[in-house]
Amino acid sequence: MARLVDYILGHQDIIQKMIESFEAGKPGQTFLFVGPSGVGKKQTAIALAQALICQQSLRGCGQCPSCFRVASGHHENLKIIQPDGAQIKMEQAKEVLEFLSFKSLGGSRVIIFDQAHLMNSQVGNSLLKTLEEPPEGTFFFLIAPSVAGVLPTIRSRSRIVQFKPLSMDDLNKRVKAPTWALKSANGSFEKLATLQDGPELETRQKSVEILNVFLKDNDFILNEMWRSEFKERAQGQRILSYWLGFFRDAIALQEGAKEQISSIDQAPLIKNLAEINRKRLLSLADGVLLAERALIANRDSQLVMEEYFVTTKNI
Ligand SMILES: [Zn+2]
48 MARLVDYILG HQDIIQKMIE SFEAGKPGQT FLFVGPSGVG KKQTAIALAQ
98 ALICQQSLRG CGQCPSCFRV ASGHHENLKI IQPDGAQIKM EQAKEVLEFL
148 SFKSLGGSRV IIFDQAHLMN SQVGNSLLKT LEEPPEGTFF FLIAPSVAGV
198 LPTIRSRSRI VQFKPLSMDD LNKRVKAPTW ALKSANGSFE KLATLQDGPE
248 LETRQKSVEI LNVFLKDNDF ILNEMWRSEF KERAQGQRIL SYWLGFFRDA
298 IALQEGAKEQ ISSIDQAPLI KNLAEINRKR LLSLADGVLL AERALIANRD
348 SQLVMEEYFV TTKNI
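Take the sequence shown: its position 188, counted from the start at 1, is 235 in the working numbering, and no numbers get skipped.
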């Protein structure tokens with residue numbers, strides 16, 4: 048058994064500051080954790096809940112029965128609300144209010160709202176008063192990808208805590224992954240897991256294959272090999288996002304900034320791309336951005352790609 052805060056990767060500055068403010072008895076019981084998904088916001092909230100609920104110390108002792116129960120996911124003073132389907136529902140808000148109406152069993156109470164941006168204004172309104180002035184010893188941690196998605200009324204009643212992406216070293220401490228995946232994960236365990244997913248690896252491999260043929264074939268538009276992969280818009284978007292990464296890597300190589308290259312497992316492709324003159328390379332990358340925008344706007348992906356191949360052909 049141990050203190051959960053010791054197991055959080057990165058974010059130690061946030062944890063330290065918050066624990067110090069709990070110890071100093073500073074005001075503020077409603078916190079809004081924002082930042083990219085998969086960096087550990089919820090784990091941090093649970094670890095801080097353990098510290099708050101601990102019977103021994105506001106730093107969490109990791110040894111007492113309370114610490115043990117929080118770590119095992121069951122403590123009567125901790126409530127974690129996850130969206131029920133696509134949103135946080137009114138019944139869940141009522142459940143929280145009822146939870147708070149019980150006489151405290153002693154110790155702090157902590158409520159975590161995961162994906163707090165999925166709370167509509169009706170649900171939010173029912174909680175406003177409580178979030179603004181939580182009962183003594185009650186703490187709220189609301190978690191969301193960004194401040195923008197959260198109801199303004201909730202935002203204004205919360206202390207906003209901004210989480211940063213994790214470093215590559217931090218990711219690497221917990222997960223064994225190839226360097227290209229660590230570099231492409233943008234500091235998120237969630238993204239890292241997706242990148243290593245079988246179907247996703249296949250899509251990436253396809254994106255390499257198509258790009259290799261595109262570079263060699265002057266009449267690529269007549270080549271049928273790419274069409275099936277761009278039949279579905281989502282798949283097309285994935286492929287384009289990999290291409291953009293490869294083009295950026297090639298530009299980094301041209302600049303001699305090798306340390307900035309993400310897809311180091313694709314050295315031959317990046318080297319080939321880096322031999323293309325800068326003007327064409329930039330137009331290939333710009334074209335991808337335009338094509339991505341067209342796909343987001345629901346245009347037919349095969350048509351969008353035909354345009355891409357035609358407009359970038361002679362630059
Ligand atoms: Zn304890």
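No residue lacks a Cβ here, since even glycine has one placed at the ideal position from N, Cα and C.
Pairing residue 362 with residue 327 gives a Cβ-Cβ distance under 9 Å. Three or more Cβ pairs closer than 8 Å define a contact, and the segment 194-213 meets that threshold against the segment 48-62. In the DSSP assignment, residue 208 forms a beta bridge with 80. Taking a C-beta distance under 9 Å as the contact criterion, residue 174 and residue 140 qualify as a contact pair.
Annotation for residue 274: 349 place their beta carbon closer than 7 Å to its own, counting only its chain and skipping 5 residues before and after. In the structure shown, the three-state DSSP call for residue 186 is strand.
Per DSSP, the beta bridge partners of residue 166 are 135.
Check the Cα spacing between residue 220 and each of 231, 84, 236: the tightest is with 236.
Between ligand 1 and the CB of residue 113, the shortest heavy atom gap is smaller than 8 Å. Per DSSP, the unbroken alpha helix (DSSP H) holding residue 300 starts and ends at 280-301.
Counting along the chain, residue 201 sits inside no beta strand (DSSP E); it lies in the alpha helix (DSSP H) bounded by residues 199-202.
Residue 124 counts as buried, since at least 16 other C-beta atoms from the protein chains shown sit within 10 angstroms of its C-beta.
Taking the C-beta atoms as reference points, residue 186 is found nearer than 9 Å to residue 95.
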